[in-house]
Amino acid sequence: MDHHEALMQAGAAGDRRETGRPVPDPRIEELDRLATLLDTRWGIPGTPFSFGIDGAASLIPVVGDGATALISAYIVYRAARLGAPRSVLMHMAANVGLDFAIGSVPVIGTVFDIFFKANKRNVGLLRRHLESSAD
Numbered sequence: 101m102d103h104h105e106a107l108m109q110a111g112a113a114g115d116r117r118e119t120g121r122p123v124p125d126p127r128i129e130e131l132d133r134l135a136t137l138l139d140t141r142w143g144i145p146g147t148p149f150s151f152g153i154d155g156a157a158s159l160i161p162v163v164g165d166g167a168t169a170l171i172s173a174y175i176v177y178r179a180a181r182l183g184a185p186r187s188v189l190m191h192m193a194a195n196v197g198l199d200f201a202i203g204s205v206p207v208i209g210t211v212f213d214i215f216f217k218a219n220k221r222n223v224g225l226l227r228r229h230l231e232s233s234a235d
């Protein structure tokens, strides 16, 4: 087994590197990249804050947030296909709903999107579920 195969197998089992960070799980790598694009793609210079397409789209109230909410719903759908339990799916859906509801408010919603990273939170919830079910 080569290094790449070992890394992929370890990720599927939920193993951790020496740093304590999770090994990338091939089942959710695409979702993790999508969440990064939506929530944290660009840093705000001179600050520890970042934003993604979700934050930028919230500049167009309701329409922008509606479009990104549909993409966020895809992450929840994929979590269901990966066997996430109803409690995790409900928590994920609540994150998407909150992001849409508050994100749709002009100005306040844009600021909210910089701080509340619904997609990163949801991928984290899915990752924790997959790691705990692998034990």
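Residue numbering for the sequence shown follows this note's numbering, starting at 101 and increasing by one per position. Glycine residues also receive a C-beta, built at the ideal position from the N, C-alpha and C atoms. Because the structure is a prediction, the values reported are computed rather than measured.
Check your understanding: Leaving out five residues before and five after Gly111 in sequence, what residues of the same chain have Cβ atoms less than 7 Å from its Cβ?
Key -> Caution is warranted here: a pLDDT of 43 is assigned to Gly111, below 50, making its placement in the model unreliable, and the coordinate value is therefore given only provisionally. If we look at Gly111 and ignore the five residues flanking it on each side, its Cβ neighbours are Val123, Pro124, Asp125 and Pro126.
Counting beta carbon pairs with one atom in the stretch 219–235 and one in the stretch 130–147, are three or more of them shorter than 8 Å?
Yes, since at least three Cβ pairs between the stretch 130–147 and the stretch 219–235 fall closer than 8 Å, the two stretches touch.
Note to self: For Gly166 and Leu159, what's the separation of their Cα atoms in angstroms?
What the structure shows: Looking at the two C-alpha atoms, the distance is approximately 12 Å.
Under the rule that 16 or more other beta-carbon atoms within 10 Å means buried, what is Ala179, buried or exposed? By the Cβ neighbour-count rule, Ala179 is buried, with 16 or more other Cβ atoms within 10 Å of its own.
Note to self: Taking the alpha carbon of Phe200 as the reference point, which residue from Asp132, Tyr174, Asp154 and Arg186 has its own alpha carbon closest?
What the structure shows: Looking only at Asp132, Tyr174, Asp154 and Arg186, the smallest Cα-Cα distance to Phe200 is reached by Asp154.
### Message
Less than 8 Å between the C-beta atoms of Val196 and Ala169, yes or no?
### Response
With contacts defined by Cβ atoms closer than 8 Å, Val196 and Ala169 form a contacting pair.
task: Compute the Euclidean distance between the alpha carbons of Ile175 and Thr147, then round it to the nearest angstrom.
output: Between Ile175 and Thr147, the C-alpha separation is close to 28 Å.
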